[in-house]
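Colleague:
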Amino acid sequence: MTKPQHHEIVVIGAGICGATIANELLLRGKSVCIVDAASSPATACSSHAYAIAHPHIGKGSPRLLRLTRIAFLLAEARWGKAWNKHGIFQPTKNDKHFDRAEVSKHLQSLGLDEDMAVALDAQEAEKICGIKQSGVWLPRGASLNLFETSNALLQHQDRLTCLWNTRVAKLEHANEQWFLLNQANEVILTADKVVVATAIDSKALMSSIGIKLPLKPVRGQLSIFSIKKDDAWASKLPRVGISGDGYCLPAQQLEDGSYHWMVGSSFDEGEDDLGSRDSSDVFNREQAQGLLAYSEGDLRALIKAGDFVGVRCVAGDRLPIIGALTQRPGIFLATALGSRGILWSALAAKLITAQLLGDDFVLLARLGFATDLVAALAPARFFAGALAAPAALASNSKPIFPSAPKAK
Numbered sequence: 001m002t003k004p005q006h007h008e009i010v011v012i013g014a015g016i017c018g019a020t021i022a023n024e025l026l027l028r029g030k031s032v033c034i035v036d037a038a039s040s041p042a043t044a045c046s047s048h049a050y051a052i053a054h055p056h057i058g059k060g061s062p063r064l065l066r067l068t069r070i071a072f073l074l075a076e077a078r079w080g081k082a083w084n085k086h087g088i089f090q091p092t093k094n095d096k097h098f099d100r101a102e103v104s105k106h107l108q109s110l111g112l113d114e115d116m117a118v119a120l121d122a123q124e125a126e127k128i129c130g131i132k133q134s135g136v137w138l139p140r141g142a143s144l145n146l147f148e149t150s151n152a153l154l155q156h157q158d159r160l161t162c163l164w165n166t167r168v169a170k171l172e173h174a175n176e177q178w179f180l181l182n183q184a185n186e187v188i189l190t191a192d193k194v195v196v197a198t199a200i201d202s203k204a205l206m207s208s209i210g211i212k213l214p215l216k217p218v219r220g221q222l223s224i225f226s227i228k229k230d231d232a233w234a235s236k237l238p239r240v241g242i243s244g245d246g247y248c249l250p251a252q253q254l255e256d257g258s259y260h261w262m263v264g265s266s267f268d269e270g271e272d273d274l275g276s277r278d279s280s281d282v283f284n285r286e287q288a289q290g291l292l293a294y295s296e297g298d299l300r301a302l303i304k305a306g307d308f309v310g311v312r313c314v315a316g317d318r319l320p321i322i323g324a325l326t327q328r329p330g331i332f333l334a335t336a337l338g339s340r341g342i343l344w345s346a347l348a349a350k351l352i353t354a355q356l357l358g359d360d361f362v363l364l365a366r367l368g369f370a371t372d373l374v375a376a377l378a379p380a381r382f383f384a385g386a387l388a389a390p391a392a393l394a395s396n397s398k399p400i401f402p403s404a405p406k407a408k
């Protein structure tokens, strides 16, 4: 019987997160083996070509606000060449009075200067973004093709081993090393250290070593709508991305003058069905009206031209699970990325590499990555009674801006 290969570091999962972590380790001079059940990188949620990225600016968890700012800067620096920097506008909630001074003060408190976030009234927003609503303009907001990026990160390198069409079903520890087994209980590989970056599949894998992760799937469907050039919608279509109750990318004009416009996404908690649904398209048409504050728009004019269905993985407290699994030395987790895969992948690559190599915490501290933020992401938070109530489960965070009292 052939002895299974042994690797110092194995990364399980070749989506955007696993690919980014593997690439970071390669850049640091390490040899890495990446394992995936598919035949190539980025075949699940990371096959998404329309993911957006921006720092979170709502009110709420201060740790989430600080973490997304750090993660955004890391993502921007890592993917600058592939970054589609079209800017993103976050409109004020319709029932909220917009107080520019108060919103500007809030943005400053988050460490977001005007090159990252600017409070705009409706007239300014119309001039800059083509959207006649008050809100916050994020000029460095962008979108990224996760499929192309993941594949680029895992291009052939001498120190990279890729093992495709291989599903890891179990982990076992013996003789100071980790054994990766398939469903037939056969050893696939052995490793000193294992990074698990497999989204919802992390739950079953961790249960094989006695760790219960509070993960749930959330199905999301994006819709690509076709709009005729002479339709009333054409004059309303955005030239920037919008993020609010749902999100959209800038409309793209085709050679014949018509438009394609991507709007998303449905939020089907606890579901993992990858089939396309007409009901999700109906939901996205209604979101399109809300994003543009165009309630009189004829929804029949938004003709379906395509879609993308993905299943996100979320934890109970809306934060990702990133870091060393201290209860099982040698295991590192990067999961529960929700709808912020671009941001959390960039952050996970830096944090897990620092923990795995044990030599880069000065850099993290320089980025503002304080001890409390590391703890906020750590898997251990769920084993100390800190799990939030199920009602907190979410991955599409909706912006909530400070408001002044409404006039009577």
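Under this note's numbering, residue 408 is the last one in the sequence shown; the count climbs by one each step, no gaps.
We put the beta carbon where it would ideally sit given N, CA and C, even for glycine.
#1: Excluding sequence positions up to five away, which residues of its chain have a Cβ less than 8 Å from the Cβ of I70?
#2: Looking only at its own chain, which residues have a Cβ that is under 8 Å from the Cβ of S395, when we skip the five neighbours before and after it?
#3: Let me make sure I understand the geometry here. Which of A197, S235, A324 has the alpha-carbon closest to that of P41?
#4: In or out: H48 buried (at least 16 other Cβ within 10 Å) or exposed?
#5: Count the other CB atoms within 10 Å of the CB of R159; is the residue buried (16 or more) or exposed (fewer)?
#6: Between A305 and S226, how many whole angstroms is the CB-CB distance? I'm expecting something under 8 Å.
#7: From the DSSP output, in three-state form, read off R28 for me.
#8: Exposed or buried, Q183, counting other C-beta atoms within 10 Å across all chains shown (16 or more means buried)?
#9: Which of the three DSSP states, helix, strand or coil, is assigned to A174?
#10: Pull the bridge partners of F308 from the DSSP assignment, please.
#11: On a Cα-Cα basis, can you pick out the residue from A75, Q155, E126 that is closest to G434?
#12: Touch check for the region 106 to 120 and the region 137 to 152: three-plus C-beta pairs under 8 Å?
#13: Which ranges would you report for the beta strand (DSSP E) in the region 61 to 134 if only whole runs of at least 3 residues count?
#14: Sorted by chain position, which residues of the same chain lie with C-beta nearer than 6 Å to K203's C-beta, five sequence neighbours on each side aside?
#15: Rank S134, A82, Q327, G13 by C-alpha distance to the C-alpha of R100 and give the top, closest one.
#16: Which same chain residues, not among the five before or five after Q5, have their C-beta less than 6 Å away from its C-beta?
#17: Buried or exposed for S280, going by 16 or more other Cβ atoms inside 10 Å?
#18: On the DSSP bridge list, what partners appear for D268?
#19: Is DSSP giving G290 helix, strand or coil here?
#20: Given E271, which residues of its chain have a CB within under 7 Å of its CB, disregarding the five upstream and five downstream residues?
#21: Does the region 286 to 294 come within contact of the region 77 to 85, defined as at least 3 CB pairs closer than 8 Å?
#22: On the DSSP letters alone, give me the boundaries of the beta strand (DSSP E) that E8 sits inside.
#23: Locate the beta strand (DSSP E) running through S243, then write down its first and last residues.
#24: Strictly by DSSP, which residues pair up with H156?
#25: Using CA atoms only, rank isn't needed, just tell me which of E172, K30, E8, E148 is closest to W83.
#26: Distance check for V309 and G275, CA to CA, integer angstroms please.
#27: Can you tell me which of the three DSSP states G385 falls into?
#28: Looking at the unbroken alpha helix (DSSP H) that takes in T353, where does it start and where does it end?
#29: Taking the straight line between their C-alpha atoms, what separation do you get for S295 and I200?
#30: Given this structure, state the Cα-to-Cα distance separating I342 from I52, to the nearest angstrom.
#31: Only counting the same chain, and skipping five residues up and downstream in sequence, which positions put a Cβ closer than 7 Å to that of H54?
#32: To the nearest angstrom, report how far apart Q157 and E126 are at their CA atoms.
#33: Taking only three categories from DSSP, how would you classify C17?
#34: Between which two residues does the beta strand (DSSP E) containing K193 stretch?
#35: Does the distance from the CB of I462 to the CB of R328 come in under 8 Å?
#36: By a C-beta neighbour count over all protein chains shown, 10 Å radius and 16 as the cutoff for buried, is N175 buried or exposed?
Modeller: Once the coordinates are examined:
#1: Locating residue 70 in the sequence shown gives position 70, where the first residue counts as 1. If we look at I70 and ignore the five residues flanking it on each side, its Cβ neighbours are L347, L367, G368, F369, L373.
#2: Position 395 of the sequence shown, counted from the first residue, corresponds to residue 395. Here S395 scores only 37 on pLDDT, less than 50, and its place in the model should not be relied on; the value that follows carries that caveat. Cβ neighbours of S395 beyond the five flanking positions: V218, F267, R312, V314, R318, G338, S339, R340.
#3: Locating residue 41 in the sequence shown gives position 41, counting from the first residue. Closest by alpha carbon: A197.
#4: Here the question's residue 48 lines up with position 48 in the sequence shown. Buried: at least 16 other Cβ atoms inside 10 Å.
#5: Looking up residue 159 in the sequence shown gives position 159. The Cβ neighbour count for R159, taken over all protein chains shown within 10 Å, is under 16; the residue is labelled exposed.
#6: Along the sequence shown, one-based indexing puts residue 305 at 305. Along the sequence shown, one-based indexing puts residue 226 at 226. Sure, about 4 Å apart at Cβ, within 8 Å.
#7: Position 28 of the sequence shown, counting from 1, holds the residue named residue 28. R28 falls in the coil class under three-state DSSP.
#8: Position 183 of the sequence shown, counted from the first residue, corresponds to residue 183. Counting Cβ neighbours within 10 Å, Q183 comes out exposed, since fewer than 16 surround it.
#9: Here residue 174 is taken as the residue at index 174 of the sequence shown, counted from 1. A174: strand per DSSP, three-state reduction.
#10: Position 308 of the sequence shown, counted from the start, is the residue given in the question as residue 308. BP columns for F308 point to L222.
#11: With the chain represented from 1 up to 408, any question about residue 434 goes unanswered, as that position is not in the structure.
#12: yes
#13: 88 to 91, 118 to 120
#14: What you label residue 203 is simply residue 203 of the sequence shown in a count that begins at 1. L213, L215, listed in sequence order.
#15: Sequence index remark: in the sequence shown, residue 100 carries index 100 (1-based). Per the Cα distances, S134.
#16: The residue labelled residue 5 in the question sits at position 5 within the sequence shown. Only L189 meet the Cβ criterion.
#17: To locate residue 280, count along the sequence shown from 1; it is residue 280. By the 10 Å Cβ count, S280 comes out buried.
#18: Here residue 268 corresponds to residue number 268 of the sequence shown, with the count starting at 1. Per DSSP, R219.
#19: Sequence index remark: in the sequence shown, residue 290 carries index 290 (1-based). In the structure shown, G290 sits in a helix (DSSP, three-state: H, G or I).
#20: For the purposes of this step, residue 271 is taken as the residue at position 271 of the sequence shown. Closer than 7 Å at Cβ, skipping near neighbours: P217, R219.
#21: no
#22: Indexing the sequence shown from 1 puts residue 8 at position 8. Counting along the chain, E8 sits inside the beta strand (DSSP E) bounded by residues 5 to 12.
#23: Residue numbering aside, residue 243 sits at position 243 when the sequence shown is read from its first letter. Run containing S243: 241 to 244, per the beta strand (DSSP E) assignment.
#24: To locate residue 156, count along the sequence shown from 1; it is residue 156. Looking at the DSSP assignment, H156 forms no beta bridge with any residue, so it has no partner.
#25: Within the sequence shown, residue 83 is the residue found at index 83, counting from 1. Of the listed residues, the one whose Cα sits closest to W83 is E148.
#26: Along the sequence shown, read from residue 1 onward, the residue named residue 275 stands at position 275. Along the sequence shown, read from residue 1 onward, the residue named residue 309 stands at position 309. Looking at the two C-alpha atoms, the distance is approximately 7 Å.
#27: Counted from its first residue, the sequence shown places residue 385 at position 385. For G385, the pLDDT reaches just 43, beneath the cut-off of 50, and the residue's location in the model is therefore unreliable, although a value from the coordinates is still provided. Correct three-state label for G385: coil.
#28: Within the sequence shown, the letter at position 353 stands for residue 353. Segment 341 to 357, the alpha helix (DSSP H) holding T353.
#29: For this step, residue 295 is matched to residue 295 along the sequence shown. For this step, residue 200 is matched to residue 200 along the sequence shown. C-alpha separation (whole angstroms): 37 Å.
#30: Taking the sequence shown and counting its residues from 1, the one referred to as residue 342 is at position 342. Taking the sequence shown and counting its residues from 1, the one referred to as residue 52 is at position 52. So the two alpha carbons sit approximately 8 Å from each other.
#31: In the sequence shown, counting from the first residue as 1, residue 54 sits at position 54. For H54, where only same-chain residues beyond five positions count, the Cβ hits under 7 Å are F72, I88, L138, G141, S243.
#32: Locating residue 157 in the sequence shown gives position 157, counting from the first residue. Locating residue 126 in the sequence shown gives position 126, counting from the first residue. Roughly 48 Å separates the two Cα atoms.
#33: Here the question's residue 17 lines up with position 17 in the sequence shown. In the structure shown, C17 sits in a helix (DSSP, three-state: H, G or I).
#34: The residue you call residue 193 lines up with position 193 of the sequence shown. Segment 187 to 196, the beta strand (DSSP E) holding K193.
#35: Because the chain is modelled from 1 through 408, residue 462 falls outside the range shown and cannot be assessed.
#36: As a working note, residue 175 is residue 175 in the sequence shown. Classification for N175: exposed.
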